[in-house]
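Take 121 as the starting number for the sequence shown in this note's numbering and just add one per residue.
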Amino acid sequence: MDEKFYTVPEVAELLKVSKNYIYELINRKQINYLRLSERRIRIPASALENCKLQDLDTLGYNQIVQSPKAGRPRNVCKRAR
Numbered sequence: 121m122d123e124k125f126y127t128v129p130e131v132a133e134l135l136k137v138s139k140n141y142i143y144e145l146i147n148r149k150q151i152n153y154l155r156l157s158e159r160r161i162r163i164p165a166s167a168l169e170n171c172k173l174q175d176l177d178t179l180g181y182n183q184i185v186q187s188p189k190a191g192r193p194r195n196v197c198k199r200a201r
């Protein structure tokens, strides 16, 4: 079977998301991938199609990562006088 494989930047561009988000999916094992070496990852076209079919909410893309802390000042970066 001759299946096409994509790099992480290619997948990010096709899905119109950031590369970091694709790496998050890989780390959470929510997308199938092939690790060629420590730094080289390829994603099969079939995994990309499965990802396109899933709702982005189930992948965690639209979830709030951390809620704001209570009592935190609004302007944290004030200039020193």
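Using N, Cα and C, we set each Cβ at its ideal position, and we do this for glycine too.
Per DSSP, the beta bridge partners of Leu154 are Arg162.
Residue pairing of Tyr126 in beta bridges, as defined by DSSP: Ile163. With a contact defined as Cβ atoms closer than 8 Å, Leu168 and Leu134 qualify at about 7 Å.
Of the candidates Cys171, Pro164 and Asn170, Pro164 places its Cα closest to the Cα of Phe125.
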